[in-house]
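A.B. asks:
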Amino acid sequence: MKKLCISLVAVTLVFMLAVGAFAADKTYKMAFMPGITDAFYFTMEKGAQAKAKELGVELIVGEYPKSWGPEAQVPILEALVARGDIDLLFTAPTSTEALIPVLKKVHDSGIPVITVDTYLGDGDYNKESNYNFPLAYIGTDNFAGGMVVAEQLAKMIGEKGKVMVENTNPDVSSVQGREKGFVEGMKKFPGIEVVAIEYCLDNQEKAQAQVAAVLQKHPDLAGVFGVNIFSAQGAYRAIVNAGLTGAVKVATWDATEDLINALRKGEVDLVLAQKPAEIGSLAVEWGYKFLKDGTPIPDKKQVPGFFVFTKENVDAPDSQQYIYAK
Ligand code: T6T
């Protein structure tokens, strides 16, 4: 009897060790599907790759879409999951509504989904809805950032005058959050009027033309807020071309080399940098914890902060880490 017990214990131990070793050895495959070809997502991929290397995760990155929107993103995303070997997907949905059925299908096929940078619906994955299936949203608090930009731009223009928003898309959570935060923030300044909100659909040339057109209509424009890489890079070029550098204050979002150099030259007055590398790193880290032992992501949300570049801090050694990768 004693012998039998010892044998049973031994067999159980061997089995547990084998299962443990198997679990430890499993190389998870995570897929990252970016929103568009730009420095923000390149930087996110870099952060994700670094964390994947650290954790022994294999990261498979979908082809970068050439333009923004479901038409460009969905076929690539579907091909990515059709590989059949993906354990988890993290992606930036290019529309709050159009990506719901697409990602729900991925989720229902057994692949957990995390949304990074942008979210589905109103982003509240805790309440009852048809879009509450992602494990979490990991990204910037865009509304809070928009408020900060409004406050700073208001100060730059002496709290009075006309301002405009150069935006990209009306159905994308990130840029909508920035616009809403900015408009809300400007309500504190009765002397300031938001005279135009334009949508360039992530086309820099279009953004430049739209800002030039608003300048024609409002030659006394005092400030512009460019809400992402394409809108901001187009916006500041329109101001430079009009010979209004310094006269029209330019607040921008996303720390590309281009925008940081423009800030150094005085063609841009503020650059809000998100933390895309941290977003990518957190997606891999939490995805890994979930796959390994089912650890849920607290509050279904992870929100890294942001950093505001100004003329004063742009060359400080500590600031350089926030400039996006090329
Ligand atoms: O601003 C980022 C990202 O946060 C946004 O959702 C889309 O535009 C960028 O990728 C910059 O081009």
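Residues -23 to -1, 1 to 303 (mature numbering (1 follows the signal peptide of the UniProt record, and there is no 0)) make up the sequence shown, in order. All C-beta atoms, glycine included, are put in the ideal place defined by N, C-alpha and C. Given the structure is predicted, the values throughout are model-derived calculations rather than measurements.
Would you say residue 150 faces chain D, with C-beta separation under 7 Å as the test?
C.D. replies: Protein chain content of the structure displayed is limited to a single chain, and chain D is not contained in it.
A.B. asks: Span of the beta strand (DSSP E) holding residue 338?
C.D. replies: Because residue 338 is not part of the residues shown, which for the chain are -23 to 303, the question remains open.
A.B. asks: Could you tell me the alpha carbon to alpha carbon distance between residue 294 and residue 300, rounded to whole angstroms?
C.D. replies: Stepping through the sequence shown from its first residue, residue 294 is reached at position 317. Stepping through the sequence shown from its first residue, residue 300 is reached at position 323. For residue 294 and residue 300, the distance between alpha carbons rounds to 11 Å.
A.B. asks: Residues in the same chain with beta-carbon distance under 8 Å from residue 128, minus the five sequence neighbours each way, listed in chain order, please.
C.D. replies: The sequence position of residue 128 within the sequence shown is 151, counting from 1. Only 162 and 165 meet the Cβ criterion.
A.B. asks: Which of the three DSSP states is assigned to residue -2 in this structure?
C.D. replies: Position 22 of the sequence shown, counted from the first residue, corresponds to residue -2. Low confidence applies to residue -2: its pLDDT is 46, below 50, so where it sits in the model is not reliable enough to give any reading.
A.B. asks: Would you call residue 154 buried or exposed, if buried means 16 or more other Cβ atoms sit within 10 Å of its Cβ?
C.D. replies: Numbered from 1 along the sequence shown, position 177 holds the residue referred to as residue 154. Label assigned to residue 154: buried.
A.B. asks: With respect to 6 Å, is the separation between the Cβ of residue 206 and the closest non-hydrogen atom of the ligand T6T below this value?
C.D. replies: Position 229 of the sequence shown, counted from the start, is the residue given in the question as residue 206. Yes; taking the cut-off as 6 Å, the Cβ of residue 206 has a heavy atom of the ligand T6T nearer than that.
A.B. asks: Please say whether residue 62 and residue 6 have beta carbons closer to each other than 7 Å?
C.D. replies: Here the question's residue 6 lines up with position 29 in the sequence shown. Here the question's residue 62 lines up with position 85 in the sequence shown. Yes; because the gap between Cβ atoms is below 7 Å, this pair is in contact.
A.B. asks: Can you give me the Cβ contacts of residue -1 inside the same chain, cut-off strictly under 8 Å, excluding the 5 residues immediately before and after it?
C.D. replies: Here residue -1 is taken as the residue at index 23 of the sequence shown, counted from 1. At residue -1, the pLDDT of 49 sits below 50, so the modelled position is not reliable and the matter cannot be decided from this model.
A.B. asks: Tell me whether residue 15, by its Cβ, gets closer than 6 Å to a heavy atom of the ligand T6T.
C.D. replies: As a first step, residue 15 must be located in the sequence shown, where it is residue number 38. It does: the Cβ of residue 15 is within 6 Å (strictly closer) of some heavy atom of the ligand T6T.
A.B. asks: Below 8 Å on the Cβ atoms is my contact criterion, and I expect residue 203 with residue 182 to pass it. Report the Cβ-Cβ distance as a whole number of Å.
C.D. replies: One-based indexing of the sequence shown puts residue 203 at position 226. One-based indexing of the sequence shown puts residue 182 at position 205. In fact, because the Cβ distance is near 14 Å, the residues do not count as touching under 8 Å.
A.B. asks: Find the nearest neighbour of residue 148 within the set 253, 176 and 52, judged by alpha-carbon distance.
C.D. replies: Along the sequence shown, one-based indexing puts residue 148 at 171. Looking at the Cα atoms, 176 is the closest of the given residues.
A.B. asks: Whole-angstrom Cβ separation of residue 321 and residue 97, contact assumed at under 8 Å?
C.D. replies: Any question about residue 321 goes unanswered here, given that the chain covers just -23 to 303.
A.B. asks: With 16 as the cutoff for other CB atoms within 10 Å, does residue 85 come out buried or exposed?
C.D. replies: Taking the sequence shown and counting its residues from 1, the one referred to as residue 85 is at position 108. By the 10 Å Cβ count, residue 85 comes out exposed.
A.B. asks: In this structure, how does DSSP classify residue 279 when only helix, strand and coil are distinguished?
C.D. replies: For the purposes of this step, residue 279 is taken as the residue at position 302 of the sequence shown. Here residue 279 sits in strand by DSSP.
A.B. asks: Does the distance between the C-beta of residue 231 and the nearest non-hydrogen atom of the ligand T6T fall short of 6 Å?
C.D. replies: Sequence index remark: in the sequence shown, residue 231 carries index 254 (1-based). Yes, the ligand T6T has a heavy atom inside 6 Å of this Cβ.
A.B. asks: With burial defined as no fewer than 16 other Cβ atoms inside 10 Å of the residue's Cβ, what is the status of residue 15: buried or exposed?
C.D. replies: Within the sequence shown, residue 15 is the residue found at index 38, counting from 1. Buried.
A.B. asks: From residue 133 to residue 40, what does the alpha carbon distance come to, in whole angstroms?
C.D. replies: Here residue 133 corresponds to residue number 156 of the sequence shown, with the count starting at 1. Here residue 40 corresponds to residue number 63 of the sequence shown, with the count starting at 1. Straight-line Cα distance between these residues: approximately 40 Å.
A.B. asks: Who are the near neighbours of residue -3 in its chain, counting only those whose CB is closer than 8 Å to its CB and skipping five residues on each side?
C.D. replies: Walking along the sequence shown from the start, residue -3 turns up at place 21. Legend: pLDDT at residue -3 = 45, less than 50; position of this residue unreliable, value from coordinates given subsequently. Closer than 8 Å at the Cβ level, and outside the excluded window around residue -3, lies no residue.
A.B. asks: Looking at residue 72 and the ligand FMN, is the gap between the Cβ and the nearest heavy atom below 6 Å?
C.D. replies: The model depicted lacks the ligand FMN and carries the ligand T6T instead.
A.B. asks: Just the C-alpha distance for residue 289 and residue 157, rounded to the nearest angstrom, thanks.
C.D. replies: Here residue 289 refers to the residue found at position 312 when the sequence shown is read from its first residue. Here residue 157 refers to the residue found at position 180 when the sequence shown is read from its first residue. Spanning the two alpha carbons is a distance of roughly 27 Å.
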